[in-house]
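Remember, our numbering sits 752 above the position in the sequence shown when you count from 1.
Note sheet for the following structure.
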Amino acid sequence: MPLAVYVLGLSVFALGTSEFMLSGLLRPIAEDMNVSIPRAGLLISAFAIGMVIGAPLLAVATLRLPRKTTLIALITVFGLGQIAGALAPTYEILFASRIVSALACAGFWAVGAAVAIAMVPVNSRARAMAVMIGGLSIANVLGVPAGAFLGEHLGWRSAFWAVAAASAIALAGVVTRIPRIPLPETKPRLKRELAIYRDPQVLLQVVIVALAAGGVFCAFSYLAPLLTDVAGLDEGWVSAVLGLFGIGALIGTAIGGRFADAHLFGVLFTGIAASTVFLVALTFLASSPVAAIALAFLLGVSAFYTAPALNARMFNVAGAAPTLAGATTTAAFNLGNTGGPWLGGTVIDAGLGFTSPAWAGAAMTATALGATALALKVTRRTSRDRVVARGATTGSGEHVPDEAAGSTVR
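Here it is as structure tokens:
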């Protein structure tokens, strides 16, 4: 793995900490800004909405710009967004700062993923993405619990200042370690890149990613009140449990990245099915502190176990447009990160309690499982059609390698 890929993973640590740390800061933010917890939860959705809009928008806007310069500009804007959030005097300004930060975060993810994929061979794509996602996992292990700890002891604004400092370190890494990547001799054509959105496989993969991510984060976004109000844990436990989720995420990313290149659909099926089971179990066992803590860890494992495969498959089906493939994956994840917390807040507001987001999340992941089965069916049918077409052209029945070759459930 090139050193630059690890630098991108380090940068993602700062991005991921900001994206997910609010799950442990909802109560202090709600109290300080005089809003309800579900309304404070909309700050998570605000970030996700910015990611959804920003990923394809900035991917298109920077299509012909130098990759390193683009990464430097985006991580700088992201850091300034954290400072704005730390200084925000009102909920509305904090909301706006989250959107600005998310736009920069989305652009960095999209461009960074394209850079990482471009630097490795095809059969190492999932491992390269696992390194980047590993930065996100470490953010959940260290950054998110640290944010919750800072929020509890020094106020929630201190967490934003800490992320701003981490962004400055990431900026230094990008400036000094990311090589200048020459633009392709043939300039990227926007029309050709946008053509991927006419491919049903690309659109189906967007649905799978959004539902798989959204189901887990529907429950994760309201994990703190579930732990305190349902499981009966002290607030001091929240940062520790969030850290345990992150440890699970790191383990899941490592395992998924190791096996996804060879068993792509196998990883998708087992990971999404496991998330569904754990979410259902959480609804029944949330009143038990031991069960709630264990299931938080297992959800981290299952959610991030599938992440390298979800990313790699998008690059497989949208290979003709690598920049927009990365942007589309980022947008799809954050469609889920938008819809999940929104749905979780909706069922809480309906009076169904803090366990209801786990039920809603299980419904989303179960639907993702069905969409994955459909994607496998379409992939196998497309593979057979290509073999038949190739055989008709060459007069033989020779095998045609394609995405399905490494995707058998084993």
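Glycine included, C-beta positions come from ideal geometry on N, C-alpha and C.
This one's a predicted model, so the numbers in the text were calculated from it and none came from an experiment.
- Tyr843 sits in a helix when the DSSP states are folded into three classes.
- Put simply, the backbone Cα of Leu975 is about 30 Å away from that of Leu826.
- In the structure shown, Gly1091 adopts helical secondary structure according to DSSP, grouped into three states.
- Inclusion of Phe1106 and Pro977 in the CB contact set at 7 Å is warranted, their separation being smaller than that value.
- Linking Leu795 to Arg1133 through their CA atoms gives a straight-line distance of about 42 Å.
- Residues of the same chain with a CB within less than 8 Å of the CB of Leu1126, apart from the 5 flanking positions on each side, are Leu956 in chain order.
- Put simply, of Thr928, Val1032, Trp861, Asn1063 the residue whose alpha carbon is nearest the alpha carbon of Val959 is Asn1063.
- With respect to the 7 Å criterion, Trp861 and Thr1082 are classified as neighbours on the basis of their beta carbons.
- In this structure, Gly903 is the residue among Met803, Ala1070, Gly903, Met871 with its C-alpha nearest to the C-alpha of Pro780.
- Spatial neighbours of Pro808 in its own chain (CB-CB distance under 8 Å, excluding positions within 5 residues in sequence) are listed in chain order as Ala862, Leu1076, Ala1079, Thr1080, Ala1083.
- Sequence-distant partners of Leu774 (beyond 5 residues in either direction) whose C-beta falls short of 6 Å from its own C-beta, in its chain, are Leu795, Ile796.
- Using a C-beta cut-off of 8 Å, the stretch 915-933 makes no contact with the stretch 780-791, since fewer than three inter-stretch Cβ pairs fall below that distance.
- Cα atoms of Pro841 and Gly907: separation of roughly 14 Å, rounded to the nearest angstrom.
- Around the beta carbon of His905, fewer than 16 other beta carbons lie within 10 angstroms, which makes this residue exposed.
- Short of 7 Å from the beta carbon of Thr1090, and not among the five residues preceding or following it, lie these beta carbons of its own chain, in chain order: Ser797, Ala800, Ile801, Val804.
- The C-alpha of Ser853 lies about 20 Å from the C-alpha of Gly1092.
- Phe830 is positioned such that its CB atom lies closer than 7 Å to that of Cys857.
- By a beta-carbon distance limit of 8 Å, Ala1048 does not contact Val990. Their separation comes to about 10 Å.
- Residues Gly967, Val968, Cys970, Ala971, Leu1031, Gly1092 of the same chain have their beta carbon placed closer than 7 Å to that of Gly1113, with the five preceding and five following residues left out of the count.
- When secondary structure is reduced to three states using DSSP, Leu777 falls in the coil class, being assigned neither helix nor strand.
- For Asn1068, the enclosing alpha helix (DSSP H) covers residues 1059-1069.
- Proximity of the stretch 882-896 to the stretch 764-772 meets the contact definition, three or more beta-carbon pairs being nearer than 8 Å.
- Taking C-beta atoms under 8 Å as the contact rule, Ile1024 and Ala866 fail to qualify, at a distance of about 25 Å.
- In chain order, Leu888, Ser889, Asn892, Val893, Gly1052, Val1053, Ala1055, Phe1056 place their CB closer than 8 Å to the CB of Ala1001, counting only its own chain and leaving out the 5 sequence neighbours on each side.
- With contacts defined by Cβ atoms closer than 7 Å, Gly761 and Ala882 do not form a contacting pair.
- Note on Val764: 16 or more other CB atoms within 10 angstroms of its CB, so buried under the neighbour-count rule.
- Cβ contact annotation for Leu767 (same chain, cutoff 6 Å, sequence separation greater than five): Cys857, in chain order.
- Judged by DSSP in its simplified three-state form, Met871 adopts coil rather than helix or strand.
- Assignment of His905 by DSSP, reduced to helix, strand and coil, places it in the helix class.
- Shown here, Tyr974 sits in coil according to DSSP, grouped into three states, outside any helix or strand.
- If you draw a 10 Å sphere on the C-beta of Val874, you find fewer than 16 other C-beta atoms in it, and that means exposed.
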